[in-house]
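What follows is one structure encoded as structure tokens, with my remarks underneath.
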Amino acid sequence: MRVLVQQEPFDFGSEVEAFATGAGGAGAVVTFTGVVREADSGAMAVMEIEHYPGMTEKALEKIASEAITRWDLTDALVIHRHGRLVPGDQIMMVATAARHRVAAFEAAEYLMDYLKSRAPFWKKEILQNGAEDWVAAKSADEDALRRW
Amino acid sequence: MDVLYFAWVRERIGLPKETVETSAVTVAELIEELKAREERYAAAFADLSALRVALDQELAEFDAPLEGVREVAFFPPMTGG
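Chains as they are written, first to last, in the numbering used here: chain A, 1 to 148; chain B, 149 to 229.
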């Protein structure tokens, strides 16, 4: 299991390559990448991601460990960035490896659902006109946890 | 104990971290103490349904006891991913 919280960009291709190579015995590798999209309210210049150093790493490690145990994963990877990002930038990625694809897919969804609502990150959108707005948590994100 | 604020809670109170001397037994009591201090605290803690709390970096409830806790953090619901 690898959990990385970092400001700098990551190389999705080489991360996936290394993860798939290292996931011994896995018959399935699933990956997800989150990308900064334009704000709903207009042209976004910057997305600022704040986090809680220390708690973030602990929360992500706990979520990843639970996924590994529950779906008997051979490995899991979580990378999440913080700081100033612009539309098109990759914010985060998860990768899961399991013997069979259903487990790998489900575990990846579980990781995404939990790190949306249970990992201490907060996003702020800064529009091109200078307006700033904290992104509000969606009740749908909280509801998504109930299926697990 | 150290009290940390994140996102709009940090902006509203105007600082990321402070050391607080308190005899509060629960998180809720600590919040009442902070609210009584100044308007900016009262504003930040006006709607607890919009807030979350972590004790020593673990999510907790507002009625949780503070005994032995070294770090309390207040923040809005998280928006990772």
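Every residue, glycine too, gets a C-beta built ideally from N, C-alpha and C.
For residue j and residue i, believed in contact at Cβ under 8 Å, the rounded distance
i              : j              : result
residue 213(B) : residue 174(B) : 6 Å
residue 122(A) : residue 154(B) : 6 Å
residue 157(B) : residue 220(B) : The Cβ separation is near 12 Å, so there is no contact.
residue 3(A)   : residue 50(A)  : With a Cβ gap of about 18 Å, residue 3(A) and residue 50(A) do not count as contacting.
Residue i - DSSP class collapsed to helix/strand/coil
i              : result
residue 66(A)  : helix
residue 153(B) : strand
residue 112(A) : helix
residue 166(B) : strand
residue 95(A)  : strand
residue 217(B) : coil
residue 102(A) : helix
residue 151(A) : Lying before the first or after the last residue shown, residue 151(A) is absent from chain A, which here runs from 1 to 148.
Segment limits, beta strand (DSSP E) that includes residue i
i              : result
residue 208(B) : 206-208
residue 228(B) : Counting along the chain, residue 228(B) falls outside any beta strand (DSSP E), and DSSP gives it neither H nor E.
residue 124(A) : 121-127
residue 35(A)  : 28-35
residue 181(B) : Premise fails: residue 181(B) lies in the alpha helix (DSSP H), 175-185, not in any beta strand (DSSP E).
residue 6(A)   : 2-6
residue 134(A) : 132-134
Residue burial classification, residue i (beta-carbon count within 10 angstroms, cutoff 16)
i              : result
residue 148(A) : exposed
residue 21(A)  : exposed
residue 9(A)   : exposed
residue 165(B) : exposed
residue 138(A) : exposed
residue 57(A)  : buried
residue 53(A)  : exposed
residue 1(A)   : exposed
Contact set between residue i and chain C, taken where Cβ atoms lie within less than 7 Å
i              : result
residue 155(B) : In summary, chain C is missing from the structure at hand, where the protein chains are A and B.
Continuous alpha helix (DSSP H) stretch holding residue i: start and end
i              : result
residue 142(A) : 139-144
residue 22(A)  : 12-22
Legend entry - Contact between the region 113-127 of chain A and the region 183-197 of chain B (3+ Cβ pairs under 8 Å): Taking one beta carbon from each stretch, the region 113-127 of chain A and the region 183-197 of chain B have fewer than 3 pairs nearer than 8 Å; the two do not touch.
Inset, instruction - Answer yes if the region 93-113 of chain A comes into contact with the region 22-29 of chain A, meaning at least three C-beta pairs across the two stretches below 8 Å, and no otherwise. - result: With the cut-off at 8 Å, the region 22-29 of chain A and the region 93-113 of chain A touch.
Legend entry - Three CB pairs or more closer than 8 Å across the region 73-83 of chain A and the region 185-192 of chain B: Between the region 73-83 of chain A and the region 185-192 of chain B there are fewer than three inter-stretch CB-CB distances shorter than 8 Å, so the stretches are not counted as touching.
Legend entry - Validate contact between the region 61-79 of chain A and the region 109-118 of chain A using beta carbons, cut 8 Å, 3 pairs: A contact exists between the region 61-79 of chain A and the region 109-118 of chain A.
Inset, instruction - Count the C-beta pairs between the region 201-212 of chain B and the region 32-47 of chain A that are closer than 8 Å, then say yes if the count reaches three, no if not. - result: Contact between the region 201-212 of chain B and the region 32-47 of chain A is absent: fewer than three C-beta pairs spanning the two stretches fall below 8 Å.
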